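Under our numbering, think of the first position of the sequence shown as 111, with each following residue one higher. Cβ atoms here follow ideal geometry from the backbone N, Cα and C, with glycine treated the same way. A quick note: this is a predicted structure, and the numbers were derived from the prediction, not measured. What follows is one structure encoded as C-alpha cells, with my remarks underneath.
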Amino acid sequence: MKSAGRIFARSSFFLAGVLVFASAVSAGAEPLTLRRAVQLALTHSTAMAQASADQQRVFASYQEARNQYVPQVVAGAGIGDSWGYPLSLEGSAPSLFNVSAQSAVLNPALRDYVHAARTEYDATREANKDRRSQVIQDTVLTYLELVKWEKLTAHLRETQGDAVKMEQIVMQRVQEGVDSAQAGTQARLATARAHLRVTQAEGAADVLRGSLSQLTGIPTSSIETAPDSVPALPETDAADDLAAKTIQTNPAVLFAQEHAIAQGFRARAEHRALWPSLDFATQYAVLAKFNNWTQFFPTKAFERNNATVGVVIRFPFLNFSQRAHAQAADADAIHATKEVENTKNQVSQEVLKLQRSVEQLKAAQDVSQLEYELAQSNVNAVEIRMNSGSAGIHDEADARTDLAEKFGSLEDAKFQLQRARIGLLRATGDLESWTEK
Numbered sequence: 111m112k113s114a115g116r117i118f119a120r121s122s123f124f125l126a127g128v129l130v131f132a133s134a135v136s137a138g139a140e141p142l143t144l145r146r147a148v149q150l151a152l153t154h155s156t157a158m159a160q161a162s163a164d165q166q167r168v169f170a171s172y173q174e175a176r177n178q179y180v181p182q183v184v185a186g187a188g189i190g191d192s193w194g195y196p197l198s199l200e201g202s203a204p205s206l207f208n209v210s211a212q213s214a215v216l217n218p219a220l221r222d223y224v225h226a227a228r229t230e231y232d233a234t235r236e237a238n239k240d241r242r243s244q245v246i247q248d249t250v251l252t253y254l255e256l257v258k259w260e261k262l263t264a265h266l267r268e269t270q271g272d273a274v275k276m277e278q279i280v281m282q283r284v285q286e287g288v289d290s291a292q293a294g295t296q297a298r299l300a301t302a303r304a305h306l307r308v309t310q311a312e313g314a315a316d317v318l319r320g321s322l323s324q325l326t327g328i329p330t331s332s333i334e335t336a337p338d339s340v341p342a343l344p345e346t347d348a349a350d351d352l353a354a355k356t357i358q359t360n361p362a363v364l365f366a367q368e369h370a371i372a373q374g375f376r377a378r379a380e381h382r383a384l385w386p387s388l389d390f391a392t393q394y395a396v397l398a399k400f401n402n403w404t405q406f407f408p409t410k411a412f413e414r415n416n417a418t419v420g421v422v423i424r425f426p427f428l429n430f431s432q433r434a435h436a437q438a439a440d441a442d443a444i445h446a447t448k449e450v451e452n453t454k455n456q457v458s459q460e461v462l463k464l465q466r467s468v469e470q471l472k473a474a475q476d477v478s479q480l481e482y483e484l485a486q487s488n489v490n491a492v493e494i495r496m497n498s499g500s501a502g503i504h505d506e507a508d509a510r511t512d513l514a515e516k517f518g519s520l521e522d523a524k525f526q527l528q529r530a531r532i533g534l535l536r537a538t539g540d541l542e543s544w545t546e547k
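Take a look at the structure:
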C-alpha cells in the first residue's frame with residue numbers, strides 16, 4: 111500500500127509538472143506578427159525554392175560555357191590486338207595509356223555565348239525578385255484578410271448575442287399576446303441570419319488560417335495574428351508619376367531588358383559561328399609493341415612515347431544551315447526587344463490603374479465610414495425613442511441589423527483599399543521595405 115501511494119504521489123507530481131510546463135509554454139507563445147509571417151513565408155515557400163533551383167541551373171549553364179576556355183583533360187587507354195597495319199580505335203592509335211586535352215583559345219561565337227549566359231543569369235535574378243515580391247504580397251494579403259475576418263467575427267458574435275436576446279424578448283411578447291406569431295418568426299429569422307453570418311466569417315477565417323499555415327509552415331492551431339504589427343500604409347498622391355519610377359525598378363521590366371540583351375548576344379554568337387576559330391589541343395600516348403608497329407617502322411624509328419601539341423584552326427566559310435539558324439536567332443532577339451516595350455507598357459498601365467483604384471477605394475471607404483456612422487447614430491436615436499416609448503423592439507432590431515451590415519461593408523472597403531495599396535507597393539518595389547518597418 112505504501113509503495114502504491116508513493117507511485118501515485120510521484121505520478122501526481124509528474125502530471126502537475128507537465129501541466130505547469132504546458133501552461134508556461136502556452137502563456138509564453140507570442141502572436142505571429144506580419145514581419146515574422148513574411149520572413150517564414152520566404153523561408154518556407156516552395157516558389158522561392160523553385161526560384162533558387164532555376165537560378166542555380168542558369169548559373170551552371172553560364173559556367174558550362176565559360177569553362178570551355180579551360181582545358182578538358184581525358185585519360186584512358188586503347189588496348190587491342192592488330193592484324194596488319196594498326197588502325198585507330200575511336201580516332202586514336204591503340205595505346206597502353208593516352209592523355210588528350212583541348213580548349214578554346216580564340217572563338218568569337220563562344221565569347222558571345224558566355225556573355226549571353228551571364229546576362230541570362232542576371233535576368234533570372236530579376237525574375238526571382240519578382241517571385242519574392244509575389245510571395246510577400248500573398249502572405250501580406252492573407253494576413254490582412256485574416257485580421258479583417260477575425261475582427262468581423264467578433265463583431266458578428268456580438269450581433270448574434272443581441273439577436274438571441276431580442277428573439278427571447280419577442281417570443282415572450284408573443285406568448286403574452288402583445289406581438290403576433292409573425293413577429294416571432296421574424297425574430298427567429300434575424301437570429302438565423304446572424305448565426306449564418308458568424309458561420310461564414312468563421313469559415314473564411316479558418317480557410318485563411320490554413321492558407322497562412324501553408325505559407326509559413328506554422329501549425330494552424332498556433333497562428334494568432336497581431337493587428338498592431340501591421341505598419342501604416344503610405345499615402346499616395348494621384349499627381350505623382352509613379353509609372354516612370356516603376357519602369358526603372360520593376361523586376362518584370364528589368365528581367366525583360368536583361369533577357370533581350372542575352373538574346374542579342376545569342377544572335378551575334380550564331381553569326382560569329384561562321385567566323386574563324388582557334389583551339390588548343392594536345393595528346394600523349396604510350397604505344398604497345400604487340401600492335402605490329404615494328405613490322406611497319408624500323409626498330410630505331412619506332413617510339414613508344416608519343417606526344418603532339420598544337421592548335422586547331424577552323425574556317426567555316428560555307429554553312430547555309432548555320433546562316434539560317436543565325437537568322438532565326440535575329441528574329442528571337444527582335445521579339446525579345448519588342449517584349450521589353452510591351453512589358454513597360456503593361457507595367458505603366460497597371461501602376462496607373464492601381465493609382466486610380468486607390469483613389470476610388472479611398473472615396474468608397476469614406477462613403478462606407480459615413481454610412482456606418484449614420485447607422486450608429488440611428489441606433490442611438492432608436493434607443494432614445496425606446497426610452498421615451500415612441501419606438502418599439504422591432505425598430506431597435508432593424509437598426510442593429512443595419513448597423514451590422516454597414517460594419518461589414520466598412521471592413522470590406524478597408525480591405526479592398528489595403529489590397530490596392532499593397533499591389534501598388536509591389537509594383538513600385540517598396541513592398542518588402544514596408545513589411546520590415
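Among the options, the one whose alpha carbon lies nearest that of residue i
i    : options                   : result
F244 : R146, R303 and A161       : Correcting the residue type first, residue 244 is Gln in the shown sequence and not Phe. Residue A161 is the option with its Cα nearest to Q244.
A354 : D240, Q459 and S321       : Q459
A474 : E506, E515, F390 and Q526 : Q526
A366 : F517, F169 and N452       : N452
A441 : K516, Q182, H381 and V284 : H381
E230 : E174, Q373 and T404       : Q373
V274 : K261, S290, R303 and V257 : R303
W544 : A438, L480, A436 and A342 : A342
V477 : E260, M158, L520 and K261 : L520
R424 : A214, A291, A315 and P141 : A214
E69  : S290, G320 and Q479       : The chain is shown from 111 up to 547; residue 69 falls before or after that span and cannot be answered.
V183 : A443, D522, E493 and F390 : F390
P344 : H154, Q528, Q285 and S487 : Q528
R433 : A377, P408 and G190       : A377
E140 : S332, G320 and L318       : S332
N177 : T330, W403, Q212 and A159 : Q212
M281 : A237, V288 and G294       : G294
Q296 : D522, A537, H504 and Q437 : H504
A315 : V363, D350 and E255       : E255
Residues bridged to residue i (per DSSP)
i    : result
S213 : F390
L142 : T335
R424 : S387
Q182 : Q212
T418 : Q393
G188 : S205
L199 : S202
Cut-off 6 Å between Cβ atoms - residues of its own chain near residue i, not counting five sequence neighbours on either side
i    : result
P426 : L384
T359 : G539
G188 : L199, S202, P204 and S205
A151 : V245, T249, L325 and T326
Y253 : L144 and A147
V340 : L144
R241 : A157 and A161
V257 : T335 and P337
N455 : none
V422 : D389 and A391
K239 : P361
Integer Cβ distance of residue i from residue j, believed to fall under 8 Å
i    : j    : result
R145 : E546 : 6 Å
A227 : Y179 : Not really, about 13 Å apart at Cβ, beyond 8 Å.
V308 : Q270 : 5 Å
G194 : N208 : The Cβ separation is near 21 Å, so there is no contact.
A379 : A219 : 5 Å
T335 : E260 : 6 Å
Q393 : S210 : 4 Å
V419 : T356 : About 57 Å; that fails the 8 Å criterion.
Spatial neighbours of residue i in its chain, beta-carbon cut-off 7 Å, leaving aside the 5 residues before and after
i    : result
N401 : S192, P196 and P204
A530 : L464, S467, V468 and L471
A507 : M276 and A300
R414 : V396 and L397
T234 : D164, Q165 and V168
V489 : A509, R510 and L513
H435 : E380
G518 : L262
L216 : S387 and L388
E312 : T263
Q486 : L513
Cutoff 8 Å; reference residue i; Cβ partners in own chain excluding five residues on either side
i    : result
L534 : T346, L352, V461, L464, Q465 and V468
L541 : S243, I246, Q247, V250, I532 and L535
F375 : D222, Y223, H225, A226 and T229
S133 : With a pLDDT of 40 at S133, under the threshold of 50, the predicted position of this residue should be treated as unreliable, and no value is reported.
G320 : T330
Proximity test, Cβ basis, 8 Å: residue i and chain C
i    : result
V184 : As a matter of chain content, chain C is missing from the structure shown, which is built from one protein chain.
Which ranges would you report for the alpha helix (DSSP H) in the stretch 453 to 501 if only whole runs of at least 4 residues count? none
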